[in-house]
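Trainee: Here our numbering = 1-based position in the sequence shown + 40. For reference, the structure I am asking about is given below.
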Amino acid sequence: MVWAKFDDRFSERIELQEISLEARWHYIALVLTCCRTEVWDGVLKVSHARRLSDVPDPDRALLELAEHDLVKIDGNRVKVVDVAEFVPAPHIRENAEHSKIRMQRLRAHKAGDHSLCLPESCEAAPPENHALCSPKQCKLSPSEGDTPVTLRDTLRVTPGRDGTGRDGPISSEALETDLADVTALPLAPEPDPEPQREVWGAVNYPKAMDGLPADSWDR
């Protein structure tokens, strides 16, 4: 799958409107090839660039693109001038590479090969792989002089929310004092149970009417 980005108004660019349909299609083929083959600088061999589309005259298409400064022909090389507008950004390429490594590690782990596993996620990982993961991945202890950040240290009092009225982070000592004050509050007394009322039913109704005339049993 090719990852390429095209501006919403790509087809409205003046230089594209001034060239032929064949040259425009060949230009898109050049861009997609650079993205698919990870040619981030946009430089391709002329022999390769000719075969990238099915236009009847690729040489004429390349010359037409060069006349409008869309490509630059230098000897046996062709460079897509604005290739940076279409290829993935550096941080996206880096994330994609990391994802590829993670999937490779996961497939090997499921197959029983733990040579690529990290100690943070697999007990069978080689100890030397500890150096392959970042401090965040391997949960390394903080370096000397750093203070671990906890939920208590990051707690804030925001508008519209009950709090202590303090500005800024709450220290551990202050939070423990507040919790002690809360736990020292008396508990609310339990409500008295409601008195049990006698429920009339099929069992006690005949007993209550026992001894009365039958015509008096209506309630």
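Even for Gly, the Cβ is constructed at its ideal location relative to N, Cα and C. Values in this document were obtained by computation on a predicted structure and should not be read as measured data.
Does the distance from the C-beta atom of Glu-52 to that of His-108 stay below 8 Å?
Mentor: Indexing the sequence shown from 1 puts residue 52 at position 12. Indexing the sequence shown from 1 puts residue 108 at position 68. Not a contact, by the Cβ cut-off of 8 Å.
Trainee: Roughly how many whole angstroms lie between the Cα atoms of Arg-76 and Ser-60?
Mentor: Start at 1 with the first residue of the sequence shown, and residue 76 comes out as number 36. Start at 1 with the first residue of the sequence shown, and residue 60 comes out as number 20. One C-alpha to the other measures close to 25 Å.
Trainee: Would the beta-carbon of Thr-73 fall within 8 Å of that of Leu-56?
Mentor: In the sequence shown, the residue the question calls residue 73 occupies position 33. In the sequence shown, the residue the question calls residue 56 occupies position 16. Judged by their CB atoms, Thr-73 and Leu-56 are not nearer to each other than the 8 Å cut-off.
Trainee: So Leu-70 packs on Ala-89, CB below 8 Å; how close in whole Å?
Mentor: Within the sequence shown, numbered from 1, the residue matching residue 70 stands at position 30. Within the sequence shown, numbered from 1, the residue matching residue 89 stands at position 49. Right, their Cβ atoms sit about 6 Å apart.
Trainee: Where does Val-71 fall in DSSP's three states?
Mentor: Taking the sequence shown and counting its residues from 1, the one referred to as residue 71 is at position 31. The answer is helix: DSSP assigns Val-71 an H, G or I state.
Trainee: According to DSSP, simplified to helix, strand and coil, what is Val-59?
Mentor: Counting from one through the sequence shown, the residue named residue 59 turns up at place 19. Residue identity check: residue 59 is Ile in the sequence provided, not Val. The answer is coil: DSSP assigns Ile-59 none of H, G, I, E or B.
Trainee: Less than 6 Å between C-beta atoms, sequence neighbours within five positions excluded: which residues of the same chain meet that for Glu-163?
Mentor: Taking the sequence shown and counting its residues from 1, one reaches residue 163 at position 123. Closer than 6 Å at Cβ, skipping near neighbours: no residue.
Trainee: How is Gly-185 classed by DSSP in three states: helix, strand or coil?
Mentor: For the purposes of this step, residue 185 is identified with residue 145 of the sequence shown, where counting begins at 1. Any reading at Gly-185 is ruled out, since the residue's pLDDT is 39, under 50, leaving its predicted position unreliable.
Trainee: Considering only C-alpha positions, which residue in the set Glu-168, Phe-126 and Glu-104 is nearest to Lys-45?
Mentor: Taking the sequence shown and counting its residues from 1, the one referred to as residue 45 is at position 5. Of the candidates Glu-168, Phe-126 and Glu-104, the one whose C-alpha sits nearest the C-alpha of Lys-45 is Phe-126.
Trainee: In angstroms, rounded to a whole number, what distance separates the CA positions of Arg-145 and Met-41?
Mentor: Against the sequence shown, residue 145 aligns to sequence position 105. Against the sequence shown, residue 41 aligns to sequence position 1. If I take the Cα positions, the gap works out to 21 Å.
Trainee: How far does the beta strand (DSSP E) with Arg-117 in it reach, from first residue to last?
Mentor: To locate residue 117, count along the sequence shown from 1; it is residue 77. Looking at the DSSP string, the run of the beta strand (DSSP E) that includes Arg-117 is 117-120.
Trainee: Which residue marks the beginning of the beta strand (DSSP E) containing Val-123, and which one marks its end?
Mentor: Numbered from 1 along the sequence shown, position 83 holds the residue referred to as residue 123. Taken as a continuous stretch (DSSP letters only), Val-123 belongs to no beta strand (DSSP E), as it is neither H nor E.
Trainee: At what residues does the alpha helix (DSSP H) containing Asp-99 begin and finish?
Mentor: As a working note, residue 99 is residue 59 in the sequence shown. Element bounds for Asp-99: 98-107.
Trainee: Figure out for me which residue from Lys-112, Leu-158 and Arg-100 has the closest Cα to the Cα of Asp-81.
Mentor: Numbered from 1 along the sequence shown, position 41 holds the residue referred to as residue 81. Comparing Cα positions, the closest option is Lys-112.
Trainee: Compute the distance between the beta-carbons of His-66 and Val-86, then report whether it is under 8 Å.
Mentor: Translated into the one-based positions of the sequence shown, residue 66 becomes position 26. Translated into the one-based positions of the sequence shown, residue 86 becomes position 46. Their beta carbons are not under 8 Å apart, which means His-66 does not touch Val-86 by this criterion.
Trainee: Keeping to the same chain, check which residues put their C-beta closer than 8 Å to that of Arg-64; ignore five residues upstream and five downstream.
Mentor: As a first step, residue 64 is located in the sequence shown; it is residue number 24 there, counting from the start. Leu-56.
Trainee: Can you tell me where the beta strand (DSSP E) holding Val-111 begins and where it ends?
Mentor: Taking the first residue of the sequence shown as position 1, residue 111 is located at position 71. 111-114 is the span of the beta strand (DSSP E), which, as asked, contains Val-111.
Trainee: Less than 8 Å between the C-beta atoms of Glu-62 and Ala-106, yes or no?
Mentor: Residue numbering aside, residue 62 sits at position 22 when the sequence shown is read from its first letter. Residue numbering aside, residue 106 sits at position 66 when the sequence shown is read from its first letter. If you check the CB distance, Glu-62 and Ala-106 do not come in under 8 Å.
Trainee: Judging by CA-CA distance, which residue of Gly-115, Glu-160 and Glu-104 is the nearest neighbour of Leu-84?
Mentor: Locating residue 84 in the sequence shown gives position 44, where the first residue counts as 1. With respect to the C-alpha of Leu-84, the residue from Gly-115, Glu-160 and Glu-104 having the closest C-alpha is Gly-115.
Trainee: Going by the beta-carbon positions, is the gap between Pro-128 and Trp-43 smaller than 8 Å?
Mentor: Your numbering for residue 128 matches position 88 in the sequence shown. Your numbering for residue 43 matches position 3 in the sequence shown. Yes.
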